[in-house]
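Undergrad:
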Amino acid sequence: MAKIKVTLTKSPIGAIPAHRKIVRALGLTKMNKTVELEDCPAARGAVNKVRHLVTVAEDK
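Residue numbering for the sequence shown follows the working numbering, beginning at 3 and increasing consecutively.
1. Is the CB-CB distance between L36 and T9 below 7 angstroms?
2. From what residue to what residue does the alpha helix (DSSP H) around K51 run?
3. DSSP state of I24, grouped into three classes?
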């Protein structure tokens, strides 16, 4: 299955609490940390909710 690389590029400190929880659930704990996730609808939906805080790179 394909993978996506998600990097936390902006701080979630000023974000609403739901977005902070999503960032934490994705495994992003510190700035500039990158996690590799399966490219599934659940992961895409979570990333889409916090797209203003993260950058996404397609990994094949």
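Even glycine gets a Cβ: it sits at the ideal position worked out from N, Cα and C.
TA: Quick answer:
1. Mapped onto the sequence shown, residue 36 falls at position 34. Mapped onto the sequence shown, residue 9 falls at position 7. Checking the sequence, you will find Thr at residue 36 rather than Leu. Yes, Cβ-Cβ distance for T36 and T9 is below 7 angstroms.
2. Walking along the sequence shown from the start, residue 51 turns up at place 49. Unbroken alpha helix (DSSP H) run through K51: 43 to 51.
3. Taking the sequence shown and counting its residues from 1, one reaches residue 24 at position 22. Helix at I24.
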